[in-house]
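This is how it looks when you write it as structure tokens:
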């Protein structure tokens, strides 16, 4: 049945995953683990032997770190292999030897040997654990050989502890073990191992006996061997499944299983998490760990809450998704989550509790089972002897005493009212007044005070208002009922009120979070500048976490910039507002690491946890946009998963916003390029057309004049030909002049040679200059009296006037009148050139100022249409504005304003 | 024509322009010696002692301005400079260094001939001494000896500075004078940068002597360079 069916195509998603995995594997280094049931089976020996073989084949093999434990035969294998010197870390008086990660990365061999994957690094190393060093080596593309024992597999930690009675602190996450490209089981039968031990081949002799007694019992070794074999077999199974999926081999395919484990504040939870991991793994499913924070749990002491956080972190490190829920009913919240996430199995612990309590109130387990429907529920009992979290009393609140005083005051008030109304009302109704007081206290003050109020009320009522007066003796048993009603009412009301208050508090809390995130995303959405986005993120993070914040942005080479530099450039920190902190050079390295590896580093993370700040990369969809540095005033803040999720969400939103802005800039640059490309093409075609026309005339006229016409060329024709030669040459001259000006303005703002100018003088000079071009026209010049001088570049302003006049003459019939007028108003000089021609073409008048625009495409007039765009460039360079509009009564008006003061006004761009 | 034809040294590197200028000038009765480089030009001027030098500012071996500076050390006759449009600053610098007039390429031959005549007339005037100090332009008469200006027979009242400015331009009639040259002559060397004086005084002067001050007939503005008193031609 496992035959490959030719028509069965592999699932595309699975295939894609395989391709991605293979692509990743190609870039990553390969990890081979020499896996053993216990120390002494010969892992290091096997690893070195394999390495020697590789070296003999010409592979670049380097020994990163090998623990020798004084074993001579192992030591002999090291000979001839290149070894990295260990890093020496000063620790108090001694020097600790440690694997030198940086040296290994710098050396970058093809294959590196790093012994003891589970080793815990000495303080001062980059990562707390050696397996993290190895992951970094693999990421850098270095193949790694390493060794580990079965007891170091995180999820088997409990089992090993149960078998051997020794709890191993040094563990390796299952994900690392599973991600290994190859696992070679180094198997040695227990008897042989014990024999080796006796021969002193395992540890140095004087240590061997202790080790033997504590750990190397034959029973232990058999169990461990079994575990190791099973773990290896599981891996083989996984590899087989991957193979089957990729080669479309049909087989039973279980629906994806999802396991949910409920985490509580007790010690049982950690075991639960490990068990859930094993179950999920066995089912090849995913798993989730959830913690429901009820108002009751909120009042737990810090130690218990920390334990919950630790447990969740453990679950995360074992590959679980974690959820931190809050609500009143644990069972309901859990079941909601389970249904949302399609959970197939729920694991809950069964805490030890007295049977009577189960009778009185159904336990969590019962509640979950009752509501579970088709979800399987696995109830796990606690390990005998495992410490169960002590019941925790409410911490005393400072307002407690005043609450009781309030309750006392209310009862006394009720008593006073009753005393006044004693004669008027019956004793039953007096009880109602007391009840009112009790209800008020229950609703407003709390449970304890309301119970006090109830007791006091009954006592006082009985003492003062129930015959026999001034005695607690109760003549009538019905008052017992009054008492119990009051007590019940006080308890029920206070509970309801407290629940309401808690719900409101939870809702408020959530709402605040949501508001915060909404505000952030809407602010981010409206911003176009990277610096402003960073500022927004900075502000919101400071709002969410009490501490110092800095955002480090990379330069174009991907090196992060000192935020101090960034601050002085981007924003000026005001003295009272310490919103950034100088990141010391060393820490800048951590930030760079976080940026390069796109993983958080520093405080509270796996990497360089000794730093006093956490560095979170701004991961966007395509790349990393920078790093957020956060130095919380209270480091514990970062352990709350919810808080970290909030931070992550904020950072991600900001990263995506920054990426959006950068993409927009890139898109704009691209479109500018397209635009300038379009312009270049338009210009080339315009040039070739506009140059070719006059050139045709010139060449034609010149050849005619030179030709030997039979009868000769008469004088009249000769003059006509010469005239057109001249006209066309002048036309070419104007075209080249315009192109020259254009090139001058295309390279940014032209250098202005400013002096004080008189517009009337320039108008006069320009008109005289253009006398030939303008032809016989009625030109009215309207210059206001006492026009002030204005600052400008004389040549350019002359050019501006000439371009506008030429434009007017070019687009109006010969002989139509022109007007040129100037006056000063406020601080502006207004100049207008008006004609009585056909007016502006329909559409956006300001498009006329764009390059290579002609008013009417069908017009025979040539000239690139550059004149107006040059005019606009000149006006803008002087800090002015130019506009075109149609005149009343026909014709067009081109009007510009220039500032009169020397100080340049801001341009309106 | 019994007078010897005026000699011109043309220093210009472009052969096409040289060809056209030599042809045009010889047609109009000038004797032209051409030089394609500054070094050759300087040698030729020293050897021929021409009446006038036409100098292109954009020479490959030595800057045109440097040629003027060297020529002016020993050569007092008119220098007419030819400049391209991109060299507007050079044009003014050339005039300030002592060139007599300029033409921007491309130009018509009529323009060139007019400038040549003006320059040669001034050369002649300088050599023979000006007759009478009386300048007429249309109905405008400037009597330098009497320090009197009349327009259509009636007196025009000018302030001393206005009169100085008018006389500076009119006595060099047809020639362009740069802002610096005018400012130095009228206001003194300390005020060569104060172009706004010129603007104000020119406006006042035009209002007094021009028929239509907005489109002046006599006091012409050379944009970016200076002023010129129109030649009667």
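Protein chains in written order, with this note's numbering: chain C, 1 to 909; chain L, 1001 to 1233. We put the beta carbon where it would ideally sit given N, CA and C, even for glycine. Just so it is clear, the structure is predicted and the values come from calculations on it, not from any experiment.
In this chain, the alpha helix (DSSP H) harbouring residue 429 of chain C covers 427–444.
Under the three-state reduction of DSSP output, residue 322 of chain C falls in the strand class. Within the same chain, 1180, 1183 and 1184 come within 6 Å of residue 1192 of chain L by CB-CB distance, once the 5 residues on both sides are set aside. With three or more CB-CB distances shorter than 8 Å, the region 776–788 of chain C counts as touching the region 821–831 of chain C.
Short of 8 Å from the beta carbon of residue 1013 of chain L, and not among the five residues preceding or following it, lie these beta carbons of its own chain, in chain order: 1036, 1037, 1056, 1058, 1059 and 1060. For residue 289 of chain C, there is no enclosing alpha helix (DSSP H); the enclosing beta strand (DSSP E) has its first and last residue at 286–293. Chain L has a Cβ within less than 7 Å of the Cβ of residue 758 of chain C. Closer than 7 Å to the CB of residue 733 of chain C there is at least one CB belonging to chain L.
For residue 1105 of chain L, the three-state secondary structure derived from DSSP is coil. With a beta-carbon spacing of about 11 Å, residue 323 of chain C and residue 287 of chain C fall beyond the 8 Å limit used to define contacts. Per the C-alpha coordinates, the member of C:729, C:31, C:621 and C:874 positioned closest to residue 744 of chain C is C:874. Using a Cβ-Cβ cut-off of 8 Å, residue 1133 of chain L is close to nothing in chain C; its nearest Cβ partner there is about 28 Å away. By the Cβ neighbour-count rule, residue 794 of chain C is buried, with 16 or more other Cβ atoms within 10 Å of its own.
In the three-state reduction of the DSSP assignment, residue 115 of chain C falls in the coil class.
With contacts defined by Cβ atoms closer than 7 Å, residue 331 of chain C and residue 289 of chain C do not form a contacting pair. In the DSSP assignment, residue 1194 of chain L falls outside any beta strand (DSSP E), carrying neither H nor E.
If you look at residue 302 of chain C, you'll find it in the alpha helix (DSSP H) that goes 302–317. In this structure, C:648 is the residue among C:636, C:728, C:648 and C:621 with its C-alpha nearest to the C-alpha of residue 615 of chain C.
Apart from sequence neighbours up to five positions away, the residues of its chain that approach residue 430 of chain C with a beta-carbon distance below 6 Å are 418 and 465, ordered along the chain. For residue 43 of chain C, the enclosing alpha helix (DSSP H) covers residues 43–56. Here residue 167 of chain C is exposed. Its C-beta has fewer than 16 other C-beta atoms within 10 Å.
By the rule that beta-carbons nearer than 7 Å mark a contact, residue 765 of chain C touches chain L. With a threshold of 7 Å between beta carbons, residue 781 of chain C makes contact with chain L. Straight-line measurement puts the Cα of residue 265 of chain C at about 27 Å from the Cα of residue 129 of chain C.
Assigned with DSSP and collapsed to three states, residue 1049 of chain L falls in coil, not helix or strand. If only complete runs of 4 or more residues are kept, the region 106–168 of chain C shows the alpha helix (DSSP H) at 130–139 and 157–164, in order along the chain. Between residue 31 of chain C and residue 138 of chain C, the C-beta gap is smaller than 7 Å, which places the two residues in contact.
Within chain L, 1221 and 1223 have C-beta atoms less than 8 Å from the C-beta of residue 762 of chain C, given in sequence order.
Taking C-beta atoms as the reference points, residue 1009 of chain L and residue 1044 of chain L count as a pair closer than 7 Å. Less than 7 Å divides the Cβ of residue 1115 of chain L from the Cβ of residue 1080 of chain L. According to the DSSP assignment, residue 1187 of chain L belongs to no beta strand (DSSP E), since it is labelled neither H nor E. Listed in chain order, the positions of the region 1183–1196 of chain L with a beta carbon within less than 8 Å of a beta carbon of chain C are 1195 and 1196. Secondary structure at residue 694 of chain C: helix, using DSSP grouped into helix, strand and coil. The continuous alpha helix (DSSP H) containing residue 540 of chain C extends over residues 530–544. When CB distances to chain L are screened at a threshold of 7 Å, the residues of the region 782–807 of chain C falling below it are 783, 789, 794, 795 and 798, in chain order. Of all residues in the region 766–777 of chain C, only 767 and 768 come within less than 7 Å of chain L when Cβ atoms are compared, listed by chain position.
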